[in-house]
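What follows is a short report on a single structure.
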Amino acid sequence: MNKVIFDTDIGIDDAMALLFLHYAPEVELQAIVSGFGNADIATTTRNALYIKERFGIDAPVYRGAGEALGPKLGDGYPDFVHGSNGLGDIELPEPTVSTEAMPGPDAIVEIVRNDPNEISVVAVGRLTNLALALERCPELPTLVRDIVIMGGAFGFNGHRGNVSPVAEANIAGDPLAADRVFAAGWPLTIVGLDVTHETVIDEAFLADLRQVSGDAGEFIHAIAGCYLDFHERVTGERAFPVHDSSAVACLLQPNLYTTIDAVVRVATEGVAIGQTVAGDPAADYATDAWRGRPACKVCTHVDGASVLDLYRRTLALAGN
Ligand code: BDR
Ligand code: CA
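Residue numbers for the sequence shown, in our numbering: 22 to 341.
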């Protein structure tokens with residue numbers, strides 16, 4: 022059984038990943054921690070509560086960080102990708118359920134401390150909540166079971182950046198937090214654009230999901246229209262890469278991903294702000310910037326067809 026904390030800036034693809042976790046039989050969702058990113062913190066938190074209520078998710082929702090720890094790339098929120106309400110501008114009744122009183126970073130620390138070596142963290146937004154949790158509890162990396170993050174881009178398979186030529190949105194949205202998280206020494210796997218762009222959902226997949234996944238399929242089909250429109254404007258095709266659900270797939274079936282061990286730094290200023298740069302842990306570089314850093318696992322390749330199959334089979338359980 023996987024006990025999971027989901028740290029998320031809900032967001033269309035975040036919503037799809039949350040339902041993936043919810044319907045995965047081997048997952049016991051412990052908490053949903055919101056963060057700013059795809060929309061402001063009030064909006065992403067409301068979206069978490071909305072999905073919790075609509076789909077009967079037991080896990081509590083904790084409100085997380087509302088701003089970056091340091092300089093970031095760009096201002097505002099990507100309403101042109103996720104809609105102004107973060108969920109494709111579908112009609113959203115106000116949820117009647119509420120957040121817990123404890124702030125998100127504190128909740129991460131408490132849940133992990135109460136269940137040492139049992140908790141997996143899946144983080145698919147800015148890494149601000151995790152950096153704050155590390156400040157409160159520096160031994161956190163020795164207490165988690167594992168951690169999978171969606172973020173970054175290393176150039177494998179030709180994928181480098183989606184908010185600049187070299188930077189991915191989650192990392193560029195709080196580079197300092199990401200650099201701290203990658204330095205902390207936990208069993209951490211990075212699922213970047215290198216592999217998320219190698220797993221693609223198209224309209225036929227969404228239509229099938231709508232048939233087999235009951236209300237979850239209906240909801241995903243409704244919110245995804247806006248996401249398809251955005252990607253069609255960029256690539257000319259009505260299809261999108263599977264970002265946040267890839268982190269869930271990597272947790273559930275790591276065998277679908279090829280990884281390398283790497284020491285990872287993040288550019289925290291300048292023209293390349295938000296770039297993730299992987300170093301060889303054994304190399305003796307002329308700079309100290311990578312020296313002595315703990316290694317992370319960086320995903321380089323994926324069996325995308327099997328990831329899609331896992332997603333479909335899991336969501337089909339919602340239709341039973
Ligand atoms: C990441 O940025 C966000 O817009 C998505 O939810 C995903 O986590 C992709 O770069
Ligand atoms: Ca996200």
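Backbone N, C-alpha and C fix where the C-beta goes; we use that ideal spot for every residue, glycine too.
Drop a sphere of 10 angstroms on the beta-carbon of residue i, count the other beta-carbons inside from all chains shown, and report buried for 16 or more, exposed for fewer.
| i | result |
| --- | --- |
| Val292 | exposed |
| Glu290 | exposed |
| Phe101 | exposed |
| Glu189 | buried |
| Met22 | exposed |
| Ala60 | buried |
| Ala304 | exposed |
| Gln51 | buried |
| Ser141 | buried |
| Ile111 | exposed |
| Tyr306 | exposed |
| Asp2 | Any question about residue 2 goes unanswered here, given that the chain covers just 22 to 341. |
| Asp309 | exposed |
| Arg84 | buried |
| Asp35 | buried |
| Thr65 | buried |
| Pro46 | exposed |
| Ala205 | buried |
Taking residue i as the reference, give the member of the options with the closest Cα.
| i | options | result |
| --- | --- | --- |
| Val187 | Val82, Leu94, Asp309 and Arg201 | Leu94 |
| Gln296 | Val287, Gly109, Leu153 and Arg259 | Val287 |
| Val328 | Leu164, Ser266, Pro126 and Thr66 | Ser266 |
| Asn341 | Gly58, Leu209, Arg166 and Ser234 | Ser234 |
| Ile108 | Leu197, Ala204, Ile31 and Arg181 | For the sequence presented, residue 108 should be read as Leu rather than Ile. The residue with the shortest Cα to Cα distance from Leu108 is Ile31. |
| Asp28 | Leu151, Thr335, Ala299 and Gln274 | Leu151 |
| Ala337 | Thr280, Asp110 and Gly238 | Gly238 |
| Val284 | Pro302, Ala268, Arg201 and Leu272 | Pro302 |
| Gly182 | Ala80, Gly194 and Leu214 | Leu214 |
| Pro92 | Pro196, Glu258 and Ile170 | Pro196 |
| Gly146 | Asn106, Pro114 and Glu88 | Glu88 |
| Arg134 | Val48, Glu160 and Ser119 | Glu160 |
| Ile129 | Leu148, Ala225 and Glu112 | Leu148 |
| Asp330 | Val54, Glu156, Leu277 and Val143 | Leu277 |
| Asp96 | Asp167, Leu70 and Gly194 | Gly194 |
| Thr210 | Val118, Met171 and Pro81 | Met171 |
| Ser119 | Arg334, Ile78 and Leu70 | Leu70 |
| Gly104 | Val54, Arg75, Ile33 and Ala63 | Ile33 |
| Arg40 | Val169, Gly313, Arg75 and Leu164 | According to the sequence as given, residue 40 is Leu; it is not Arg. The option with the nearest alpha carbon to Leu40 is Arg75. |
| Asp127 | Val269, Thr163, Pro99 and Ala86 | Ala86 |
| Trp273 | Arg334, Ile72 and His180 | Correcting the residue type first, residue 273 is Leu in the shown sequence and not Trp. It is Arg334 whose Cα lies nearest to the Cα of Leu273. |
| Pro81 | Gly179, Ala270, Ile53 and Arg67 | Ile53 |
| Asp324 | Asp282, Pro275, Ala316 and Cys317 | Pro275 |
| Leu249 | Gln232, Val221 and Asp229 | Val221 |
| Pro315 | Pro116, Met123 and Thr163 | Thr163 |
Under 7 Å from any heavy atom of ligand 2, does the C-beta of residue i make it?
| i | result |
| --- | --- |
| Asp61 | no |
Determine the DSSP secondary structure at residue i, reduced to helix, strand or coil.
| i | result |
| --- | --- |
| Ser105 | coil |
| Ser141 | strand |
| Ser185 | coil |
| Tyr248 | helix |
| Leu113 | coil |
| Ala270 | helix |
| Val284 | strand |
| Pro262 | strand |
| Ile26 | strand |
| Leu94 | coil |
| Met37 | helix |
| Ser327 | helix |
| Tyr306 | coil |
| Leu50 | strand |
| Thr220 | coil |
| Ile129 | helix |
| Ile170 | strand |
| Gly213 | coil |
| His43 | helix |
| Gly300 | strand |
| His180 | coil |
| Thr321 | strand |
| Val292 | coil |
| Val255 | helix |
| Val118 | coil |
Would you check whether ligand 1 has a heavy atom nearer than 7 Å to the C-beta of residue i?
| i | result |
| --- | --- |
| Asn178 | no |
| Val221 | no |
| Val202 | no |
| Asn183 | yes |
| Pro196 | no |
| Pro159 | no |
| Pro99 | yes |
| Val102 | yes |
| Glu115 | no |
| Glu189 | yes |
Between residue i and ligand 3, is the CB less than 7 Å from at least one heavy atom?
| i | result |
| --- | --- |
| Glu156 | By its list of ligands, the structure shown excludes ligand 3, since it contains just ligand 1 and ligand 2. |
Between residue i and chain C, is the shortest Cβ-Cβ distance under 8 Å, so that the two count as touching?
| i | result |
| --- | --- |
| Gly87 | The structure shown contains no chain C; it holds only a single protein chain. |
By C-beta, the residues closer than 7 Å to any heavy atom of ligand 2, given in chain order | Thr29, Asp30, Gly32, Asp34, Asp35, Gly58, Asn59, Val145, Gly146, Met171, Asn191, His264 and Asp265
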